[in-house]
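This report concerns only the one structure given below.
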Amino acid sequence: MSRLDFAATVYFFATIGGAMVLRVMSLFPSMDVFNPDWIVLVLIYWSIALPERFGVFSAWSIGLLTDVLTGRLLGQYALIYALICYFSINEHRRLRQFPMVQQCVFVFLCLFASQSIIFGTESMQAGNRLPLAFWYPVLSGTLVWPLVFVVLRYIRVMARIV
Amino acid sequence: MLVIDYRSERLERLRSLLSVFTYPLQSLASLPVDFYQTVSGTVISFVELQKENRRLKEAQFVNDTKLLKFAALEKENTRLRMLLENSFQLGEQVLVAELVSVKLAPYEHTVVVNKGSRFGVHPEQPVLDANGIVGQVVRALPSSSEVMLITDPDHAIPVQVNRNGLRTIAFGTGQPNRLHLPFLANNADIVPGDLLVTSGLGGVFPAGYPVAVVDKFEARPDKSFANIYATPKAELDKSREFLIVWSHSTPVVLGEPGKAPVEPEPKGAENVAP
Numbered sequence: 007m008s009r010l011d012f013a014a015t016v017y018f019f020a021t022i023g024g025a026m027v028l029r030v031m032s033l034f035p036s037m038d039v040f041n042p043d044w045i046v047l048v049l050i051y052w053s054i055a056l057p058e059r060f061g062v063f064s065a066w067s068i069g070l071l072t073d074v075l076t077g078r079l080l081g082q083y084a085l086i087y088a089l090i091c092y093f094s095i096n097e098h099r100r101l102r103q104f105p106m107v108q109q110c111v112f113v114f115l116c117l118f119a120s121q122s123i124i125f126g127t128e129s130m131q132a133g134n135r136l137p138l139a140f141w142y143p144v145l146s147g148t149l150v151w152p153l154v155f156v157v158l159r160y161i162r163v164m165a166r167i168v
Numbered sequence: 285m286l287v288i289d290y291r292s293e294r295l296e297r298l299r300s301l302l303s304v305f306t307y308p309l310q311s312l313a314s315l316p317v318d319f320y321q322t323v324s325g326t327v328i329s330f331v332e333l334q335k336e337n338r339r340l341k342e343a344q345f346v347n348d349t350k351l352l353k354f355a356a357l358e359k360e361n362t363r364l365r366m367l368l369e370n371s372f373q374l375g376e377q378v379l380v381a382e383l384v385s386v387k388l389a390p391y392e393h394t395v396v397v398n399k400g401s402r403f404g405v406h407p408e409q410p411v412l413d414a415n416g417i418v419g420q421v422v423r424a425l426p427s428s429s430e431v432m433l434i435t436d437p438d439h440a441i442p443v444q445v446n447r448n449g450l451r452t453i454a455f456g457t458g459q460p461n462r463l464h465l466p467f468l469a470n471n472a473d474i475v476p477g478d479l480l481v482t483s484g485l486g487g488v489f490p491a492g493y494p495v496a497v498v499d500k501f502e503a504r505p506d507k508s509f510a511n512i513y514a515t516p517k518a519e520l521d522k523s524r525e526f527l528i529v530w531s532h533s534t535p536v537v538l539g540e541p542g543k544a545p546v547e548p549e550p551k552g553a554e555n556v557a558p
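Which chain is which? The protein sequence lines are A and B, in order. Under my numbering, the residue at position 156 of the first sequence is numbered 162, and the numbers go up by one with no gaps. Under my numbering, the residue at position 157 of the second sequence is numbered 441, and the numbers go up by one with no gaps.
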C-alpha cells in the first residue's frame, strides 16, 4: 500500500506542477487573456477523486506556491484554493454522480467565486482598473473542465490510484 | 496574511524561499517559446544575415564616431562642472537580464526577467532596453525579478518634453504601446512628434532617457486638461534583453584644470557588468 501511496503523491505533484507550468506559459500571446486557471481545475479534480488523501491544508500550500509563482499578495490564492477545496470535498459524493454539464456549472461557480475574491483583493490595492477581459478565464476554465476531467481520470485509472 | 503582505515587508523571506520551487516551473514554462525563438533565429537566410551584418557594421561605424566625440564632451562636461563647483556626476552601471517568457496575470503588464537579488537587483530599479525606458523592478526574488512595464495601468513615470523642458507625468493605459498624459493644459506647448525623456524627478528613473513619442494631441475645450497620448520608444513586446540600471551620484574629485581629473570608479562596476 505504501508504494501505491507514494505513486499517488508523485502523480499528484506532477499534475499540479504541469498545471502551474500551463498557468504561466504564454505560447500564443494573443490568447493569454483566455488562459484558464489550470491549477484550480486540477485541484477540484483531485479533491473530488481522492477526498480522503487530499485536504484543505495541501490546497492552501499549493495556493501559497501559486501566489509566489504569479506574483500576487501572499495568501490570496491560498485562501481561494482552500475554500474551493473545502466545498469540493464537502460535496464530493454528489459531484461524482453529477453529469458533466452539472459539474461544469459547479466549476463555473467555483471559478467565478475565485475570480471575485481576486477582484476584491486587487481593488483593495488600487481602485477599479480591471478590464472586462479579467473575467474571461472563468468561461474558458468552465469550457476546458471536461478535458481536464477526462485526462486526469485517464491518468488516475492508468496509475490505479484509488 | 494578505494584509501583512500588503502593508509590510515581513513575508519577503518566505516569498524568496518559496520562489526556489516556482522558478524551475517558470523556466520550464518559458522553454517552448525560447526554443521557438532559438530555432527561428538559427534558421535565417544567408541573404538576411548579410543584410543584417552590413546594417550592424554601419551602425557600429556611426556609433564609434559618436563615441570619439563623447569622450571629449565628457571631459568638457567635467571641466564645466568644476567651474560651477557642482561636484556630482551620475555614475551608472548596468546588468543585462533576459526575459523569461511567462505571463503572470494577463490583465497586468508585468514581465519576469532572469536576474534577481543574487545579482544585487532590488525593487524600484529602472529597466531599459536599447531604445528607451521599459519599466521598473517591482519585486526581486533570488533568481528572478518582476518588472512592471510603463504601460501598466498602475504605472506612472515623470517625464519632460525634450524640446522645451515641459514637465509632466505619463501614465500607463493598460494597452500595449500607449501612454497617457492627462495633466497638461489645452494650451500646453506640445505637438505630435515631441520626444518625452525622463525628468529625473521622483528619484526612480535617472534623467535624460527617452521614454515615448507624442502621437496624438486632443484639445478638449470643455475641460481644463487636454488628452495626450504617446507611444513608448522601447519595444516593450519585442525585446528579450533588458538592462537593469544602478544609478547613484558619486562626487567627482575636482582636479586642477590642467591635469585630467581622476574619476572614482563606481564600486563593483567590473563584476556586475556581464
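Note that the Cβ used here is the ideal one computed from N, Cα and C, for glycine as well. Nothing here was measured: the structure is a model prediction, and the numbers come from that model.
Mind checking whether serine 427 of chain B and glycine 404 of chain B have CB atoms under 8 Å apart?
-> Within the second sequence, residue 427 of chain B is the residue found at index 143, counting from 1. Within the second sequence, residue 404 of chain B is the residue found at index 120, counting from 1. In this structure, glycine 404 of chain B does not lie closer than 8 Å to serine 427 of chain B by Cβ.
Can you list, in chain order, the residues of the segment 66–95 of chain A whose Cβ is nearer than 9 Å to any Cβ on chain D?
-> Absent from the structure is chain D; the protein chains it does hold are A and B.
Going along the segment 13–29 of chain A in order, which residues come within less than 7 Å of chain B, judged by CB to CB distance?
-> Gly23, Met26 and Val27
Taking the CB atoms as reference points, tell me whether histidine 406 of chain B and alanine 381 of chain B lie closer together than 8 Å.
-> Along the second sequence, read from residue 1 onward, the residue named residue 406 of chain B stands at position 122. Along the second sequence, read from residue 1 onward, the residue named residue 381 of chain B stands at position 97. No, Cβ-Cβ distance for histidine 406 of chain B and alanine 381 of chain B is not below 8 Å.
Okay, do the segment 52–60 of chain A and the segment 28–38 of chain A touch, 3+ Cβ pairs below 8 Å being the bar?
-> no
Which partner residues of glutamate 502 of chain B appear in the DSSP bridge assignment?
-> Taking the first residue of the second sequence as position 1, residue 502 of chain B is located at position 218. Answer by DSSP bridge pairing, in chain order: B:Asn511.
For glutamine 334 of chain B, which residues of its own chain have a beta-carbon under 8 Å away from its beta-carbon, when the five flanking residues on both sides are left out?
-> As a first step, residue 334 of chain B is located in the second sequence; it is residue number 50 there, counting from the start. Around glutamine 334 of chain B: no qualifying Cβ.
Listed from N- to C-terminal order along the chain, which residues in the segment 445–469 of chain B have their beta-carbon within a distance smaller than 9 Å of any beta-carbon of chain A?
-> Gly458
Whose Cβ in chain A lies nearer than 8 Å to the Cβ of leucine 295 of chain B?
-> Here residue 295 of chain B refers to the residue found at position 11 of the second sequence. Going along chain A in sequence order, the residues near leucine 295 of chain B (Cβ under 8 Å) are Leu80.
When the distance is taken between beta carbons, is alanine 139 of chain A closer than 8 Å to tyrosine 391 of chain B?
-> In the second sequence, the residue the question calls residue 391 of chain B occupies position 107. In the first sequence, the residue the question calls residue 139 of chain A occupies position 133. The answer is yes: Cβ separation under 8 Å.
Indicate, with yes or no, if the ligand FAD has a heavy atom lying under 7 Å from the CB of phenylalanine 140 of chain A.
-> Here there are no bound small molecules, and the ligand FAD is not part of this structure.
Take leucine 302 of chain B and list the residues in its own chain whose beta-carbon comes closer than 8 Å to its own, dropping the five residues that flank it on each side.
-> In the second sequence, the residue the question calls residue 302 of chain B occupies position 18. Once the five neighbours on either side are set aside, leucine 302 of chain B has no close Cβ partner at all.
Give the DSSP-derived three-state secondary structure of serine 429 of chain B in the structure shown.
-> Against the second sequence, residue 429 of chain B aligns to sequence position 145. Looking at serine 429 of chain B - three-state DSSP - the assignment turns out to be strand.
Straight-line gap, alanine 271 of chain B to threonine 76 of chain A (C-alpha atoms, nearest Å) | Look at the range of chain B in this structure, 285 to 558, and you will see that residue 271 of chain B is not part of it.
Taking only beta carbons into account, state which residues of the segment 295–310 of chain B come closer than 8 Å to chain A, listed in chain order.
-> Leu295, Leu298, Arg299, Leu302, Ser303, Phe305, Thr306, Leu309 and Gln310
Interface flag, valine 154 of chain A vs chain B, CB-CB below 8 Å = Looking up residue 154 of chain A in the first sequence gives position 148. Judged by the 8 Å Cβ criterion, valine 154 of chain A is not in contact with chain B.
Figure out for me which residue from B:Val384, B:Thr326 and B:Ser300 has the closest Cα to the Cα of proline 316 of chain B.
-> For the purposes of this step, residue 316 of chain B is identified with residue 32 of the second sequence, where counting begins at 1. B:Val384 is the residue among B:Val384, B:Thr326 and B:Ser300 whose C-alpha sits nearest the C-alpha of proline 316 of chain B.
Return the CA-CA distance between methionine 26 of chain A and phenylalanine 305 of chain B, expressed in angstroms with no decimal places.
-> As a first step, residue 26 of chain A must be located in the first sequence, where it is residue number 20. As a first step, residue 305 of chain B must be located in the second sequence, where it is residue number 21. Near 11 Å, if we compare the C-alpha coordinates of phenylalanine 305 of chain B and methionine 26 of chain A.
From serine 67 of chain A to glutamate 128 of chain A, what does the alpha carbon distance come to, in whole angstroms?
-> Along the first sequence, one-based indexing puts residue 67 of chain A at 61. Along the first sequence, one-based indexing puts residue 128 of chain A at 122. For serine 67 of chain A and glutamate 128 of chain A, the distance between alpha carbons rounds to 21 Å.
Would you mind listing the alpha helix (DSSP H) stretches within the segment 40–76 of chain A that are 4+ residues and don't spill past its ends, in chain order?
-> 44–55 and 62–76
Output, in chain order, the set of chain B residues within a Cβ distance shorter than 9 Å of phenylalanine 104 of chain A.
-> Along the first sequence, read from residue 1 onward, the residue named residue 104 of chain A stands at position 98. None at all; the shortest Cβ gap to chain B is about 30 Å.
Could you confirm whether any beta carbon from chain A is found closer than 8 Å to the beta carbon of proline 516 of chain B?
-> Along the second sequence, one-based indexing puts residue 516 of chain B at 232. No, no contact with chain A.
Answer yes if the segment 77–94 of chain A comes into contact with the segment 306–314 of chain B, meaning at least three C-beta pairs across the two stretches below 8 Å, and no otherwise.
-> no
Beta carbon proximity, alanine 139 of chain A to chain B, threshold 8 Å = Counting from one through the first sequence, the residue named residue 139 of chain A turns up at place 133. So, interface residue.
Where tyrosine 391 of chain B meets chain A, residues with beta-carbon distance less than 8 Å | Numbered from its first residue, the second sequence carries residue 391 of chain B at position 107. What tyrosine 391 of chain B touches in chain A: Val39, Leu136, Pro137, Ala139 and Phe140.
Glutamate 519 of chain B (DSSP reduced to helix, strand or coil) | Sequence index remark: in the second sequence, residue 519 of chain B carries index 235 (1-based). DSSP places glutamate 519 of chain B in coil when its eight states are reduced to three.
Could you spell out the range, first to last residue, of the beta strand (DSSP E) harbouring glycine 419 of chain B?
-> Along the second sequence, read from residue 1 onward, the residue named residue 419 of chain B stands at position 135. Where glycine 419 of chain B is concerned, the enclosing beta strand (DSSP E) stretches over 417–424.
With valine 411 of chain B and valine 418 of chain B assumed to form a contact (beta carbons below 8 Å), what rounded beta-carbon distance in angstroms separates them?
-> Walking along the second sequence from the start, residue 411 of chain B turns up at place 127. Walking along the second sequence from the start, residue 418 of chain B turns up at place 134. With a Cβ gap of about 5 Å, valine 411 of chain B and valine 418 of chain B count as contacting.
Cα-Cα, which of B:Thr452, B:Phe489 and B:Ile528 is closest to alanine 514 of chain B?
-> Here residue 514 of chain B is taken as the residue at index 230 of the second sequence, counted from 1. Cα-wise, what sits closest to alanine 514 of chain B is B:Thr452.
Buried or exposed: which applies to valine 111 of chain A, given that a residue is buried once 16 or more other Cβ atoms fall within 10 Å of its Cβ?
-> Numbered from 1 along the first sequence, position 105 holds the residue referred to as residue 111 of chain A. Valine 111 of chain A comes out exposed.
Starting from the beta carbon of leucine 117 of chain A, find every residue of chain B whose beta carbon is closer than 7 Å, and list them in chain order.
-> Taking the first residue of the first sequence as 1, we reach residue 117 of chain A at position 111. Correct list: empty, because the minimum Cβ distance to chain B is about 15 Å.
Tyrosine 160 of chain A to phenylalanine 455 of chain B span [Cα, whole Å] = In the first sequence, counting from the first residue as 1, residue 160 of chain A sits at position 154. In the second sequence, counting from the first residue as 1, residue 455 of chain B sits at position 171. Tyrosine 160 of chain A and phenylalanine 455 of chain B: Cα-Cα distance of roughly 49 Å.
Have a look at glutamine 344 of chain B and leucine 295 of chain B and give me their C-alpha separation to the nearest angstrom.
-> Taking the second sequence and counting its residues from 1, the one referred to as residue 344 of chain B is at position 60. Taking the second sequence and counting its residues from 1, the one referred to as residue 295 of chain B is at position 11. Roughly 47 Å separates the two Cα atoms.
Considering only the beta carbon of each residue, do glutamine 420 of chain B and valine 488 of chain B sit closer than 8 Å?
-> Locating residue 420 of chain B in the second sequence gives position 136, where the first residue counts as 1. Locating residue 488 of chain B in the second sequence gives position 204, where the first residue counts as 1. Contact flag set, yes.
For glutamate 502 of chain B, the nearest candidate out of B:Phe330, B:Leu465, B:Ile441 and B:Thr435 (CA to CA) = For this step, residue 502 of chain B is matched to residue 218 along the second sequence. It is B:Leu465 whose Cα lies nearest to the Cα of glutamate 502 of chain B.
Beta-bridge pairing of phenylalanine 455 of chain B - partner residues as DSSP gives them = Taking the second sequence and counting its residues from 1, the one referred to as residue 455 of chain B is at position 171. Note: phenylalanine 455 of chain B sits in a beta bridge opposite B:Ala440 and B:His464.
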